[in-house]
Amino acid sequence: MQAAKFFDSTLLKKYNTHGPRYTSYPTALEFHDQFSHENLVQAIVASPNRELSLYVHIPFCHSLCYYCGCNKVVTRHRDKANTYLEFLAQEIASRAPLFKDYTVKQLHWGGGTPSFLRHEQISQLVAELKAQFTFAAQVEMSIEIDPREIKINLAEHLYSLGFNRLSIGVQDIDDKVQKSINRVQSTEFIEKFIAHAKQVGFKAINIDLIYGLPHQTIETFTRTLNKAHEMDVDRISLFSYAHIPSRFAAQRKLKDEWLPSADEKFSLMKLAIEKLCNFGYDFIGMDHFAKPEDELSIAQKSGALHRNFQGYTTKGGCDLLGLGVSSISAIGHSLSQNTKVLQHYYQAIETQAHAQVKGVSLSQDDIVRGEVIRELMCNLYIDKNKISQQFAINFDEYFAEDLPLLQTFINDGLVIVTLNEIRVEQKARLLIRNICMTFDAYMKQNLNQQRFSRVI
Ligand code: SF4
Numbered sequence: 002m003q004a005a006k007f008f009d010s011t012l013l014k015k016y017n018t019h020g021p022r023y024t025s026y027p028t029a030l031e032f033h034d035q036f037s038h039e040n041l042v043q044a045i046v047a048s049p050n051r052e053l054s055l056y057v058h059i060p061f062c063h064s065l066c067y068y069c070g071c072n073k074v075v076t077r078h079r080d081k082a083n084t085y086l087e088f089l090a091q092e093i094a095s096r097a098p099l100f101k102d103y104t105v106k107q108l109h110w111g112g113g114t115p116s117f118l119r120h121e122q123i124s125q126l127v128a129e130l131k132a133q134f135t136f137a138a139q140v141e142m143s144i145e146i147d148p149r150e151i152k153i154n155l156a157e158h159l160y161s162l163g164f165n166r167l168s169i170g171v172q173d174i175d176d177k178v179q180k181s182i183n184r185v186q187s188t189e190f191i192e193k194f195i196a197h198a199k200q201v202g203f204k205a206i207n208i209d210l211i212y213g214l215p216h217q218t219i220e221t222f223t224r225t226l227n228k229a230h231e232m233d234v235d236r237i238s239l240f241s242y243a244h245i246p247s248r249f250a251a252q253r254k255l256k257d258e259w260l261p262s263a264d265e266k267f268s269l270m271k272l273a274i275e276k277l278c279n280f281g282y283d284f285i286g287m288d289h290f291a292k293p294e295d296e297l298s299i300a301q302k303s304g305a306l307h308r309n310f311q312g313y314t315t316k317g318g319c320d321l322l323g324l325g326v327s328s329i330s331a332i333g334h335s336l337s338q339n340t341k342v343l344q345h346y347y348q349a350i351e352t353q354a355h356a357q358v359k360g361v362s363l364s365q366d367d368i369v370r371g372e373v374i375r376e377l378m379c380n381l382y383i384d385k386n387k388i389s390q391q392f393a394i395n396f397d398e399y400f401a402e403d404l405p406l407l408q409t410f411i412n413d414g415l416v417i418v419t420l421n422e423i424r425v426e427q428k429a430r431l432l433i434r435n436i437c438m439t440f441d442a443y444m445k446q447n448l449n450q451q452r453f454s455r456v457i
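When we follow my numbering, the leftmost residue of the sequence shown carries the number 2, and every step to the right adds one.
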C-alpha cells in the first residue's frame, strides 16, 4: 500500500482540531442518569440482534503509566482482584439471564490490565462466563496483555482456555521514552513471548504502539517500528498520545518540554504510517494496520468493517454487553455504562445486582446519523440510496442542513459528493473524524469539542 496518498501536510495541519473517536454515536458525553435498568431490558427485548459481543473490564494495574487515560486502579496487591472477581461473578449471574437467547460470538478482556489476574483467577472467570452464557463454537476470544509482569507460560494457559487473540502493549522500545512514561519493559521478553504464543497456536496477535510520547525522535521511533516489523504480528494499533493533563492527573508527570512539538509529532505519525505500509500492512480505518490476509483487512475491502467501543471489528451484527466497572454496553438502540468508581461498583452490585448508572435510548435521528458516521469511519464512503432505503428518507433532504458543511472539504479536494454518493479521498483518511463531525447533531452546538483529543 502506498503511504504517500494519506498525506497532505498543509491540510492535515489545517484540520487538526479536537474531535470524538466515534466508537459510538452519540458519544458517551450524551449519556444521562435518567436511562434506567428497565430501559436496558426494553432495549434487549426490542433488539433485532441475537449475537453477543462481551467486554469484561479488569481495572487493576501493577504500576501507573504516566501517559494513561484509562479507567484503572493501581495496586501491588493481586488479592484485590479476588474481591473484584466475586462482584463480577454476581454481575455476570444477574446479566446472563437477560441474554439467554443470545450466542456469544466475541469476548474481549480489557483494562486496566487483564493479565494482572493470576492463572487460576483467569480460569475461574472464563468458567463463570462459559457457564452463564452460550458461546459459539468459533468464538473470538481476545485479551490485552501488559508484558511487564507475566510469565512466558501465560500464552499456553490462555490458549487452553479458548483465547485465540492477544493484544500486547508495546508502545515504544526506547529506554529513555520508557523511563519517562514509567513503563520500563523488556523488548527481548516481548519478542520471546510473541514467538512462544505463535508456537502455542495463537494465529492473531496485535501490538499497540504510541506516537507523540516524551523524548520520541524519528531515530528512536524508527527503531521501535523496525522491531515491530521483526515481531511479525498480524495487527498493529498506532495511537496518538493525547496530552490532556487537565483531565488525566498522571499526565502532569510529563513535562511539556519533553514532548515532541506539533511538527515533530506529525513527522512521527508520517514515519509510522509510511513504514507500516512499506512493511506490507493495510491501513485500516484511522489508526489500525493489518496484514492483507487478516479479517480486518478483508472486511475493509468488502465494506463489512464495523466499529464499536473496542475500535474496529468484524462483528457488526452483535449487541455488546460490558461487564465490570466503567464498562459500556451497546444493546439494540441503546448505549449504557456502569459506574467508573470501584467502591460504587461494589455497592451497586450488592444492592441491585447491576452497576449501570447512565445511558441513552437512541432517537431515530441518532440511529440514522450513527449509521452514516459508522459508514464513514469504517468505509470512507456513503451510498446515499442505501441509507435512504434503509431509513425511508431522502438522504439529501434529510441532511439538507449538514451537507453544505462538507463544502470546505470538497474545496480542499478531500471529499467528493455526487448525486448518489459521498466519497472520502485517501488523503482525508486521517481527518475522517472531522468529516464525521459534519453529521454529528450534538457537535453542532460545539460546546463539547474541547473534551475530545486532537484528531492527530
Ligand atoms: S496504560 Fe495500561 S497498564 Fe498502564 S496504567 Fe494505563 S491501563 Fe494500566
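A virtual CB, placed ideally from N, CA and C, is assigned to each residue, including glycine.
Rounded distance between the beta-carbons of residue j and residue i, thought under 8 Å
i	j	result
Lys428	Phe8	7 Å
Leu55	Leu86	In fact, because the Cβ distance is near 15 Å, the residues do not count as touching under 8 Å.
Phe400	Phe440	7 Å
Ile436	Val416	6 Å
Ile285	Tyr313	6 Å
Ile123	Ile146	Between Ile146 and Ile123 the Cβ distance is about 11 Å, and since that is not below 8 Å, they are no contact.
Phe36	Arg79	With a Cβ gap of about 35 Å, Phe36 and Arg79 do not count as contacting.
Near the ligand SF4: residue i beta-carbon under 7 Å from a heavy atom
i	result
Thr114	yes
Gly170	yes
Leu210	no
Cys66	yes
Asp147	yes
Arg79	no
Arg248	no
Arg308	no
Lys73	yes
Arg96	no
Cys69	yes
Cys278	no
Arg184	yes
Member of the options whose CA lies at the smallest distance from the CA of residue i
i	options	result
Asn421	Ala128, Glu220 and Lys387	Lys387
Tyr67	Tyr347, Arg248 and Thr352	Arg248
Ser64	Ser143, Lys106 and Glu150	Glu150
Glu129	Leu108, Gly112 and Ile146	Leu108
Val418	Arg430, Asp397 and Lys228	Asp397
Arg96	Asp403, Gln353 and Leu404	Gln353
His158	Asp175, Val369, Val201 and Ile394	Val201
Gln133	Tyr103, Gly113 and Asn339	Tyr103
Ser241	Met287, Thr223 and Glu275	Met287
Arg77	Lys101, Ile350, Phe61 and Met270	Phe61
Leu321	Tyr16, Cys69 and Phe100	Phe100
Lys359	Ile206, Glu31, Asn380 and Leu324	Glu31
Gly111	Gly325, Arg119 and Ala94	Gly325
Leu255	Gly318, Asn279, Lys15 and Gln217	Gln217
Leu406	Thr28, Ala442, Lys228 and Cys278	Ala442
Alpha carbon of residue i to alpha carbon of residue j, nearest angstrom
i	j	result
Val373	Lys152	44 Å
Glu121	Phe392	49 Å
Leu167	Ala196	12 Å
Leu226	Met232	10 Å
Ala138	Ser262	49 Å
Gly281	Asp235	11 Å
Ala47	Ser303	29 Å
Leu343	Ser389	44 Å
Ala250	His334	34 Å
Thr18	Ala300	29 Å
Ser115	Asn165	For clarity, residue 115 is Pro in the given sequence; the question names Ser instead. Their backbone Cα atoms lie some 15 Å apart in a straight line.
Ile329	Arg253	27 Å
Glu426	Ala90	47 Å
Met444	Trp259	33 Å
His38	Gln357	7 Å
Glu294	His33	41 Å
Ile49	Glu189	It is Pro, not Ile, that sits at residue 49 in the sequence shown. Distance between the alpha carbons of Pro49 and Glu189: 47 Å.
Lys292	Gln348	45 Å
His307	Thr315	6 Å
Asp175	Lys106	38 Å
Leu13	Ser337	34 Å
Met438	Ala273	26 Å
Asp413	Thr11	10 Å
Gln365	Tyr26	12 Å
Val140	Ser362	29 Å
Tyr346	Asn339	8 Å
Lys385	Asn309	22 Å
Glu52	Phe136	10 Å
Arg224	Val42	50 Å
Val75	Ala82	11 Å
Asn449	Cys71	At Asn449, the pLDDT of 48 sits below 50, so the modelled position is not reliable; the number obtained from the coordinates is stated separately. About 20 Å.
Glu265	Pro21	23 Å
Cβ-heavy atom distance, residue i to the ligand SAH, below 7 Å
i	result
Lys254	As presented, the structure is devoid of the ligand SAH, carrying the ligand SF4 as its sole ligands.
Cβ of residue i within 8 Å of any chain C Cβ
i	result
Tyr382	Of the protein chains in the structure, only one exists, and it is not chain C.
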